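Quick notes on the structure that follows.
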RNA sequence: GUGAGCGUAGCUCAGCUGGUGGUAGCACCGGGUUGUGGCCUCGGCGGUCGUGGGUUCAAGUCCCAUCGCUCACCCCA
């Protein structure tokens, strides 16, 4: 094998695609029930879009973007996340005039140049939601409830953690208090935290070192520094989550990696994926649309990682057998093969999923193929059946087989067979 | 960017202190059933031991380099 896929880029093979389709269909169904509309946006954007939204000093922008200059000398970037593009499209196409609140979702690949590991790829897929134009706390709850519903319907469990990061009026004060707290004990902290204390102080709270966490038990908590507005909002979110009986934990130490978040943030976490436990995450971003030159509308969004969902689901027992085919047509001899081929096309035109063998294999082998391809029925057309104007229909599950009499006109065969298997 | 582990058949892997690459499992093809799948049984196909160099009478095994994969850190979906 000479040429292989790029590091962190994966083929999704046919055996796996069924799971992908199941997850995607279930998710789309829930989205539609919540009144969301799909929007499709480009995977390539001007680099500036991501720098301005995600934040200059974030890891994504600093070292993870697939950025290059195109043939015109423009700096372009393969999107590392979906929100920025959707907001750009919202502003550029004036979607805010369609109504005060826009509920959008998009599904597709994202790109980040990181070292791959379990549950982390350079090209990965997200299903993401953006609700623009409402600052109601109920919207926050609705979005989380929707994520919760999706997990429930695809049969996965995760824990929901929420936090509030405050707004432009209360966050600076908290940041200052936190920096003051860190300064006093900086020499007791791990190297990472020492570095973070200047680059992104909020991040220290997220440190995985037990030692650092021991220091942070007495650290100032964002929830104690929220302004009245943010406090009310957060309170409302918790109340409504409770009224919907959605279990959650408040994690005042949860900090998100993108600069645009304000107020409510949340993560859906599982412990079954090694260190990449977040299967979905999001939050409110009230200043983002204006920051990109649009109207001053608030927004909230979240994204779920397809690969992580697929991994979790494939770890579980796979339930009932799905019939990939309605019929596998087994033939014997040249004449039956030729007739069978035309019959197969007629059956397909009738809406049935049908396959047959073209390699001239034995009847036994053809039966094996029928089994392997998960056909519901085997339809046997041998020399004997051809002579008698009949066909044998075998239920591959029960093993029962019956002879079906066929009309003299070949053209009517397909309809008769279709009738028979739709019992 | 940092650290650790691993590269032997399409896949999962044995292969001890160097001494002829495994009747290994799964998958695939064929026979046992001259017209019938799953289970069983028998047979068959299948390999530049990641690549390049070195040590040695002899390297899958030891040494060096290189490429690739994996996991973890950072960070994130």
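Residue numbers (the working numbering): 196 to 618. We treat Cβ as the ideally placed atom computed from N, Cα and C, and that holds for glycine. Computed from a predicted structure; not experimentally measured.
Neighbourhood of residue i by C-beta distance below 6 Å, restricted to the same chain and skipping five residues each side
{"i": "residue 348", "result": "221"}
{"i": "residue 229", "result": "341"}
{"i": "residue 479", "result": "457, 458, 459, 495"}
{"i": "residue 542", "result": "549, 609"}
{"i": "residue 493", "result": "330, 481"}
Close beta carbons around residue i, own chain, < 7 Å, minus the five adjacent residues each side
{"i": "residue 447", "result": "358, 416, 417, 418"}
{"i": "residue 306", "result": "261, 273, 274, 275, 317, 318"}
Integer Cβ distance of residue i from residue j, believed to fall under 8 Å
{"i": "residue 402", "j": "residue 425", "result": "Actually they are not in contact, since the Cβ atoms of residue 402 and residue 425 sit about 24 Å apart, beyond 8 Å."}
{"i": "residue 482", "j": "residue 323", "result": "Not quite, the Cβ-Cβ distance comes to about 19 Å (not below 8 Å), so this is no contact."}
{"i": "residue 345", "j": "residue 225", "result": "5 Å"}
{"i": "residue 550", "j": "residue 520", "result": "6 Å"}
{"i": "residue 687", "j": "residue 432", "result": "Only positions 196 to 618 of the chain appear in the structure, and residue 687 is not among them; the question remains open."}
{"i": "residue 283", "j": "residue 487", "result": "6 Å"}
Buried/exposed call for residue i, threshold 16 Cβ in 10 Å
{"i": "residue 276", "result": "buried"}
{"i": "residue 196", "result": "The predicted model places residue 196 with a pLDDT of 47, which falls under 50 and marks its position as unreliable, so this point remains unresolved."}
{"i": "residue 619", "result": "Residue 619 falls outside the range modelled here, since the chain spans only 196 to 618, and no answer is possible."}
{"i": "residue 602", "result": "exposed"}
{"i": "residue 279", "result": "buried"}
{"i": "residue 237", "result": "exposed"}
{"i": "residue 189", "result": "Missing from the structure shown is residue 189; the chain here goes from 196 to 618 and no further."}
{"i": "residue 409", "result": "exposed"}
{"i": "residue 439", "result": "exposed"}
{"i": "residue 292", "result": "exposed"}
{"i": "residue 383", "result": "exposed"}
{"i": "residue 320", "result": "buried"}
{"i": "residue 523", "result": "buried"}
{"i": "residue 622", "result": "Residue 622 lies beyond the stretch modelled for the chain, which goes from 196 to 618, so this question has no answer here."}
{"i": "residue 540", "result": "exposed"}
{"i": "residue 466", "result": "exposed"}
{"i": "residue 264", "result": "exposed"}
{"i": "residue 325", "result": "buried"}
{"i": "residue 366", "result": "buried"}
{"i": "residue 332", "result": "buried"}
{"i": "residue 564", "result": "buried"}
{"i": "residue 338", "result": "buried"}
{"i": "residue 484", "result": "buried"}
Per-residue DSSP class, three states only, for residue i
{"i": "residue 213", "result": "helix"}
{"i": "residue 622", "result": "The structure shown does not extend to residue 622, since the chain is modelled only from 196 to 618, so the question has no answer here."}
{"i": "residue 298", "result": "strand"}
{"i": "residue 270", "result": "strand"}
{"i": "residue 562", "result": "helix"}
{"i": "residue 500", "result": "strand"}
{"i": "residue 590", "result": "strand"}
{"i": "residue 551", "result": "strand"}
{"i": "residue 204", "result": "coil"}
{"i": "residue 508", "result": "helix"}
{"i": "residue 239", "result": "strand"}
{"i": "residue 196", "result": "Caution is warranted here: a pLDDT of 47 is assigned to residue 196, below 50, making its placement in the model unreliable, and no coordinate value can be reported."}
{"i": "residue 610", "result": "helix"}
{"i": "residue 424", "result": "helix"}
{"i": "residue 460", "result": "strand"}
Same chain, Cβ closer than 8 Å to residue i, neighbours up to 5 away in sequence not counted
{"i": "residue 599", "result": "585, 586, 587, 588, 611, 612, 615"}
{"i": "residue 505", "result": "211, 214, 215, 218"}
{"i": "residue 352", "result": "346, 465"}
Proximity test, residue i beta-carbon vs the ligand NAP heavy atom, cut-off 7 Å
{"i": "residue 528", "result": "In the structure on display, the ligand NAP does not appear, and there are no ligands present to speak of."}
Complete runs of the alpha helix (DSSP H) confined to the stretch 462-487 [at least 4 residues]: 483-486
Let me know the beta strand (DSSP E) ranges lying completely inside the stretch 304-382, each 3 residues or longer, listed in chain order. 318-327, 354-359
Report the start-end ranges of each beta strand (DSSP E) in the stretch 519-549 that is 3 residues or longer and not cut off at the edges. 520-526
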